[in-house]
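First residue of the sequence shown: 0, per numbering that gives the first Met the number 0; consecutive thereafter.
In this text, a Cβ means the ideal position worked out from N, Cα and C, and glycines have one as well.
Written below as structure tokens is the structure these notes are about.
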Amino acid sequence: MHGEWLTLGIQNVSAEAEGSFTGEISAAMAFEAGARYALVGHSERRRLFGETDQVVACKVEQSMRAGLVPVVCIGETAEERRAGQTERVLARQLEGLGAIGGASLQALWIAYEPVWSIGTGTPATAESILEAASFIRAHVVSSDATIHAELRLFYGGSVGVGNASALGALEGVDGLLVGRASVETDSMIALCRQVAG
0 MHGEWLTLGI
10 QNVSAEAEGS
20 FTGEISAAMA
30 FEAGARYALV
40 GHSERRRLFG
50 ETDQVVACKV
60 EQSMRAGLVP
70 VVCIGETAEE
80 RRAGQTERVL
90 ARQLEGLGAI
100 GGASLQALWI
110 AYEPVWSIGT
120 GTPATAESIL
130 EAASFIRAHV
140 VSSDATIHAE
150 LRLFYGGSVG
160 VGNASALGAL
170 EGVDGLLVGR
180 ASVETDSMIA
190 LCRQVAG
């Protein structure tokens, strides 16, 4: 399954390195099975399973210890956006990673996924994506200036065949976190071809 153009990832890992946690997969087990990336902090995990910023930080730490690249999802709800709290929410979620330390922040990727956009068919505007990306980069760099060049930032939220090229071409966006469109093979292949040009 591995090749230059295809690498496996896992949608969730346990916050614990080992133990009796039926249904959980440790980061080490995921790595041994061939995964190289771990999605951490997705809004559905936060909302449906009550994962806090502290739990997300534990999962990031476990992922890095196992050799996985954590893809950390952060983003605001519709209510938070309407209240003008986007930057406050993003800052809180990023600060939750503070215990990991600056050097380790280089080893993770960040996915900005405005919760209000996920699965709605309505992605965030280019302007709001760029504002969030700029804020995220500035906030991370404020903890360690050497990180800026290394930071990989992705956008997720109603990414599909109709908008992937435009979203992927935004300056400061290094890639896309594809949700619903990735479930159907034909849709995902078309999306990949579109982004590849």
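Selected residue, minimal CA-CA separation from Thr-6, among Tyr-111, Gly-83, Val-139, Arg-35
Arg-35
Is it a yes or a no for the stretch 125–144 touching the stretch 51–65, going by three-plus beta-carbon pairs under 8 Å?
no
Count the CB pairs spanning the stretch 6–21 and the stretch 77–86 that are closer than 8 Å, and state whether there are at least three.
no
On the DSSP letters alone, give me the boundaries of the alpha helix (DSSP H) that Gly-167 sits inside.
163–167
How is Trp-115 classed by DSSP in three states: helix, strand or coil?
helix
Alpha carbon of Val-71 to alpha carbon of Ala-65, nearest angstrom:
16 Å
DSSP three-state call for Gly-97: helix, strand or coil?
helix
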